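Residue numbers (our numbering): 36 to 381. Glycine included, every Cβ here is placed at the ideal spot set by N, Cα and C. In this text, all values refer to a predicted model and were calculated from it rather than measured experimentally. One structure below.
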């Protein structure tokens, strides 16, 4: 009887492993690069545009600038994961060794970037709610302290995420009392990572990272929609369109971050120390978090006319640097110069 149970368990584990590997290939090798590369280009364009003078007049620009920087870091980190998987597909030993070296650091960077993205999005929602409520005193307070708030969020995220880097440790496998190479090592939970103290810390981080921001963002989003509907006749089109784009971005954040936080908070699901079935679920939820970091530029460009004009001006400047129009102007001047000389003589 025990032998049959063990055999069915082994068969289920093999099936779960095949499902996980297929989902990892789909998400890691195909979907993440398809999302990350355009997302990186779009966020870099956002950074360039938000620095230009045409977008500096908007109060939201400071927060969106830091949010774009955070998304660039997040997408670069996820793209590195795909690169490691691609290397592992060609050279499994070297790819596994590279994965083990980078995993702890990438896990820390991922936590910092998600914390920054959550609270920067929340600050954007608060700022937009203040603007829609037309409270001049609060508007001045937010405007004066916008950069300080962004720096404070980044600093607190870097400090709060530090214990994450001590969650895992590389433990070499032992076979016949002989230690194998580092390429055959495993990433396991450390003593701190398996302790109750880290579990309490993990719950706190999940609450701070997604649960509390998502609930607050849901409330603020509904209030912004209501206030925007009331001031629809008096508000300018540029303000209303930018507000609509921010409403969509806030909604995307709630839909993409909230399930991932629930998996960590309620089900206590990690990644590398979990079963293949849970790791497959985390691959899907992590992909949606990556998708959230890449969606901002298309939303800005499709809705905000001010952002569209800024992008077009950016490419127009590059087009003007080409010497075709300048060469035509030179030819026109050379043709007009003899006529001007004759006129002067007459």
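Burial is judged here by how many other beta carbons sit within 10 angstroms of a residue's own beta carbon; residue 231 has fewer than 16 and is exposed. Within its own chain, the residues whose Cβ lies closer than 8 Å to the Cβ of residue 155, once the five positions on either side in sequence are excluded, are 98, 101, 102, 105, 185, 188, listed in chain order.
Using a Cβ distance threshold of 9 Å, residue 62 and residue 316 do not count as a contacting pair. By the Cβ test, the region 188-202 is not in contact with the region 274-293, since fewer than three Cβ pairs between them sit closer than 8 Å. Under DSSP, residue 223 forms a beta bridge with 204. Looking at the backbone, the Cα of residue 150 and that of residue 50 are separated by about 35 Å. Note on geometry: alpha-carbon atoms of residue 245 and residue 78 lie some 22 Å from one another.
Annotation for residue 311: 51, 52, 55 place their beta carbon closer than 6 Å to its own, counting only its chain and skipping 5 residues before and after. For residue 330, the three-state secondary structure derived from DSSP is coil.
Counting along the chain, the unbroken alpha helix (DSSP H) around residue 168 starts and ends at 127-168. Straight through space, the alpha carbons of residue 256 and residue 168 are spaced by roughly 13 Å. Sorting 85, 107, 275, 250 by C-alpha distance to the C-alpha of residue 261 places 275 at the top. When 348, 139, 163 are compared, the shortest CA-CA separation from residue 204 is found for 139.
Where residue 244 is concerned, there is no enclosing alpha helix (DSSP H), because DSSP gives it neither an H nor an E. In summary, residue 351 is exposed, with fewer than 16 beta-carbon neighbours lying within 10 Å of its beta-carbon over all protein chains present. Short of 8 Å from the beta carbon of residue 253, and not among the five residues preceding or following it, lie these beta carbons of its own chain, in chain order: 289.
Counted as a single uninterrupted DSSP element, the alpha helix (DSSP H) harbouring residue 273 occupies residues 272-300. In the displayed model, residue 237 falls within a helix according to three-state DSSP.
Of all alpha-carbon atoms in 279, 87, 241, the one lying nearest the alpha-carbon of residue 348 is that of 87. Within the same chain, 342, 343, 346 come within 7 Å of residue 336 by CB-CB distance, once the 5 residues on both sides are set aside.
Sequence-distant partners of residue 65 (beyond 5 residues in either direction) whose C-beta falls short of 8 Å from its own C-beta are missing from its chain. Residue nearest to residue 113 within the set 334, 330, 325 is 325 (criterion: CA-CA distance). About 4 Å separates the CB atoms of residue 300 and residue 241; that is less than 8 Å, so the two are in contact.
The shortest CA-to-CA distance from residue 163 to any of 96, 297, 237 is the one to 96. Each of 158, 196, 165, 194 was checked against the Cα of residue 183, and the nearest Cα belongs to 158. Here residue 228 carries a coil assignment [DSSP, helix/strand/coil]. Cβ-Cβ distances below 8 Å link residue 84 to 90, 342, 345, 346, 349 in the same chain, with the five nearest sequence neighbours on each side left out; the list follows chain order.
For residue 193, the enclosing alpha helix (DSSP H) has its first and last residue at 181-195. Counting only residues of its own chain and dropping the five nearest sequence neighbours on each side, residue 81 has a CB closer than 6 Å to the CB of 103, 332.
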